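Residue 363 is where the sequence shown starts when you use the numbering used here, and the numbers rise one by one after that. Written below as structure tokens is the structure these notes are about.
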Amino acid sequence: MALALPMESNPDTMNKYLLKLGVSDQWRMVDVIGLEGDALGWVPRPVLAVILLFPLSETYEQLRRQEESNLVNKEIPKDVFHLRQVLSNVCGTIALVHSVANNIHRIDLKDGLLKKYLSEAEGLDAAAKGALLENSTAILNAYKEIVHTESAVTEDSNEMPSNHFVTFIHKDGTLFELDGCKSFPINHGPTTSETLLEDAAKVCREFIAREPNNLGFNVVALVSSQ
363 MALALPMESN
373 PDTMNKYLLK
383 LGVSDQWRMV
393 DVIGLEGDAL
403 GWVPRPVLAV
413 ILLFPLSETY
423 EQLRRQEESN
433 LVNKEIPKDV
443 FHLRQVLSNV
453 CGTIALVHSV
463 ANNIHRIDLK
473 DGLLKKYLSE
483 AEGLDAAAKG
493 ALLENSTAIL
503 NAYKEIVHTE
513 SAVTEDSNEM
523 PSNHFVTFIH
533 KDGTLFELDG
543 CKSFPINHGP
553 TTSETLLEDA
563 AKVCREFIAR
573 EPNNLGFNVV
583 ALVSSQ
């Protein structure tokens, strides 16, 4: 089992990581500098996924428990790739995996670490997918190799995380929130591939509204490099 190094919401680092995992350079992460109007217009299209970084808090925990309770015994969408988080500090990697795995029909994924993981994860439930990632040492170590902070690995990997990543994707006309700390994908209503960014931005604004005095939010998107 590998220790995971906390990930920053930094498109440059994320893009290096995605390349190392085997994702084609035809797709890249970019900053979303604002969540309304003109700011969203600056984001290149098409958008395949939106990733939100937000502060962990009791408000989030209360909402998570409520959502879990509401979704017990509900049918889990079969076509949505969702995995549970097992290790601390691995939510950034999970957010990237969720972004790619749910758009595999559009992304050219080369033979390598992520393609191997997705092949082995096929048919597994969310918990088993999380356990598989926990034991995918090469995937977790690939990020450490990029940031070149071996001294920080020992210190930071044992710290309790204060922030968390979730991913928003479009699947079969629905906007899903994928959170490794939740047992189920969260259905946020209808969307399309063309309006994913705007619809995800609305949910991101709701996250921020619940924590109006906290500045620890950041949004990035997986977009075309063309």
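The beta-carbon is built from N, C-alpha and C at its ideal position, and this holds for glycine as well. Treat the numbers as computed from the prediction; the structure is a model and nothing was measured.
If only uninterrupted beta strand (DSSP E) runs of at least 3 residues are considered, those enclosed by the region 538 to 570 are 548 to 552.
When secondary structure is reduced to three states using DSSP, ASP470 falls in the coil class, being assigned neither helix nor strand. Secondary-structure assignment with DSSP links THR421 through no beta bridge to anything. The Cβ atoms of LEU449 and VAL462 do not sit closer than 8 Å to each other. Following the DSSP letters along the chain, one finds LEU584 inside the beta strand (DSSP E) bounded by residues 580 to 586. Restricting attention to GLU496, GLN428, SER431 and LEU577, the CA atom closest to the CA of VAL459 is found in GLU496. Ranked by Cα distance from VAL405, the options VAL442, MET391, PHE579 and GLU437 are led by MET391. By the C-beta criterion, the region 440 to 449 is judged not to be in contact with the region 548 to 566, since fewer than 3 inter-stretch pairs fall below 8 Å.
By the C-beta density criterion, GLU539 is buried, having at least 16 other C-beta atoms within 10 angstroms. Residues of the same chain with a CB within less than 6 Å of the CB of HIS532, apart from the 5 flanking positions on each side, are THR553, SER555 and LEU558 in chain order.
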